[in-house]
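First the structure, in the form of structure tokens, and then the observations on it.
Protein chains in written order, with the working numbering: chain A, 1 to 246; chain B, 1001 to 1302.
Below you can see the structure in the form of structure tokens.
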């Protein structure tokens, strides 16, 4: 129904604010623990070289119109040549990347550490929130929502007549989880270990797969048509000089 | 390449510190961040901070970074005793550090003991074969000793792995030009233009190399690149203006026999000449007559 529920200000003092404060503190703690536990990773020569090759190929594509056609063609051949081109990867090697990632003990340990440092505090905080702060209405969302959100946002409230805008503290927890990222980048500087959402997106695309990016670069390089921009520059220079001399 | 706002910020801070106002620490941090080379100022102000124990302790962990910065600046200004003291302090604090090892090898290099420095660098490279700074130091050492072929070899090997490092390409281009290997230099400048197409200096240098190589096709390409430099700098680059005039007259000379209708940009040369005359009138009026005679001789042959 559409009546307004009056929420006790004590809820704000003792639920919303402490929950936010606790999440900020846990985030800061995680950042420093991650800094302490970070192992020194020796970069692999092959991976570095492949990264640089990709950058150079990308530059070639971007600036292709600024160099003479002969040089561009020579460089393109150098990159995508069948026998010893830099970007050419024979099919057999393509599968190895993922297997290698698992078998390399350092990398596997590193990923496990990062995942753990993310999962454990989240689980603990979630359990704590559920235990202490469930069963009552915590806040009201300022915009109306449909009935579908009821199961997600009102977990502890078993009344089906309460407006969906009134949410429980679990949704406040989720809001904080995704929203405090901006605050952390203010407090802790740009690169902090609490950027969960970024890491969650990275987990789906498993790690750095060099062979695929090389193949992608080669394909895009093959597509590029060279349209030499320099002749236009002569006319532009004329125009510039004419304007400057007026 | 430092952006203009950063450049002005740096010079403001520099003036402020020079005239006795505070802000020495911010100046040093900015120099470190922008990686510019202001060794005398860094040495003077850095030492004044370090000599005062109260200032030193207020820096906290950044004190060691400051020691490193002052040590490098001291070596650049040939105050090797200062550098040795700084490195000694750092060595006491971080005995097994690779960064301190690099500084010690730099000190050997500054002293002129090339073989020992080479040995130190090789041992550091064995531990960490992907350390870019050490590779570059080896190249710089070879160049300082005048051993250009070794420098080229080192640099080429470095670029095989780190091929997106445009500073290295620039260094290689300069070495090639100094050795008059213009074709290779042209290749390096093309790499630079690819990575940073809007920087006029690279266009200008490429055009210079092409003009030096000679031949009708190269001259035409050079003229186009001089034109692009003019476009990128808004017509203010004197060298590019001269380049246009020289290229046009050289092309005219080469294609005098053939009936080549130059419909690309017939007025570019006259415009460039007029712009040059105006600039000389403004900046160096006493040399204007020299300029006019030179331009006349160019136009006569065209």
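Every residue gets a Cβ at the ideal spot worked out from N, C-alpha and C, and that includes glycine.
| Check | Outcome |
| --- | --- |
| Nearest-angstrom Cα separation, counted from residue 117 of chain A out to residue 111 of chain A | 10 Å |
| Meets three-Cβ-pair contact criterion under 8 Å: the region 1209-1228 of chain B and the region 45-55 of chain A | no |
| Cutoff 8 Å: residue 1275 of chain B Cβ touching any chain A Cβ | yes |
| Run of the alpha helix (DSSP H) containing residue 1053 of chain B, from where it starts to where it stops | 1053-1059 |
| Inter-stretch contact (C-beta, 8 Å, three-pair minimum) for the region 1161-1172 of chain B and the region 1188-1197 of chain B | yes |
| Close-in-space but distant-in-sequence residues of the same chain around residue 1111 of chain B (CB under 7 Å, 5 per side omitted) | 1080 |
| Closer than 8 Å to chain B by CB, residue 203 of chain A | Any answer about residue 203 of chain A is weak, because its pLDDT of 48 lies below 50 and its placement is not dependable; what the coordinates show is given next. False, the Cβ-Cβ gap to chain B never drops below 8 Å. |
| Alpha carbon of residue 1286 of chain B to alpha carbon of residue 1293 of chain B, nearest angstrom | 13 Å |
| Contact residues within the region 129-143 of chain A, judged by C-beta distance below 9 Å to chain B | none |
| Beta-carbon proximity check, residue 1108 of chain B vs residue 1084 of chain B, cutoff 8 Å | no |
| Test: residue 1231 of chain B CB closer than 8 Å to a CB of chain A | yes |
| Any chain A beta carbon closer than 8 Å to residue 1268 of chain B | yes |
| Outcome for residue 1253 of chain B when other beta-carbon atoms lying within 10 angstroms are tallied against a minimum of 16 | exposed |
| Assumed close pair residue 234 of chain A, residue 1224 of chain B - CB separation to whole angstroms, cut-off 8 Å | 6 Å |
| Per DSSP, cross-strand counterpart(s) of residue 140 of chain A | A:166 |
| Within 8 Å, strictly: CB atoms of residue 1075 of chain B and residue 1114 of chain B | no |
| Where residue 1181 of chain B falls: helix, strand or coil (DSSP) | coil |
| Spatially closest choice to residue 34 of chain A from A:213, A:115 and A:12, by CA coordinates | A:115 |
| Between the CA atoms of residue 1042 of chain B and residue 969 of chain B - distance to the nearest angstrom | One cannot answer for residue 969 of chain B here, as it falls past the ends of chain B, which runs 1001 to 1302. |
| Members of the region 207-238 of chain A near chain B, C-beta cut-off 7 Å | 230, 231, 233, 234, 235, 236, 237 and 238 |
| Short Cβ contact (8 Å threshold) for residue 1086 of chain B with residue 1100 of chain B | no |
| Counted within 10 angstroms of its Cβ, other Cβ atoms place residue 169 of chain A as buried (16 or more) or exposed | buried |
| Residues of its chain near residue 23 of chain A, where Cβ-Cβ distance is below 8 Å and the 5 sequence neighbours each way are ignored | 125, 173, 176, 177 and 180 |
| 8 Å Cβ shell around residue 204 of chain A - same chain, five flanking residues per side excluded | The predicted position of residue 204 of chain A is uncertain, since its pLDDT is 42 and thus under 50; no value can be drawn from it. |
| Short Cβ contact (8 Å threshold) for residue 1098 of chain B with residue 1062 of chain B | no |
| Where residue 1278 of chain B meets chain A, residues with beta-carbon distance less than 8 Å | 245 |
| Buried versus exposed, by CB contacts within 10 Å (16 or more), residue 227 of chain A | exposed |
| Near-chain B residues of the region 154-171 of chain A - C-beta to any C-beta below 8 Å | none |
| 8 Å Cβ cutoff met for residue 1176 of chain B and residue 1185 of chain B | yes |
| Spatial neighbours of residue 144 of chain A in its chain, beta-carbon cut-off 7 Å, leaving aside the 5 residues before and after | 165 |
| Range of the contiguous alpha helix (DSSP H) that encloses residue 60 of chain A | 45-62 |
| Candidates B:1025, B:1247 and B:1197, of which the one nearest residue 1215 of chain B by Cα | B:1247 |
| Buried versus exposed call for residue 1017 of chain B [16 or more other C-beta atoms within 10 Å across all chains shown] | buried |
| Cβ contact (3+ pairs, closer than 8 Å) linking the region 2-19 of chain A and the region 133-148 of chain A | yes |
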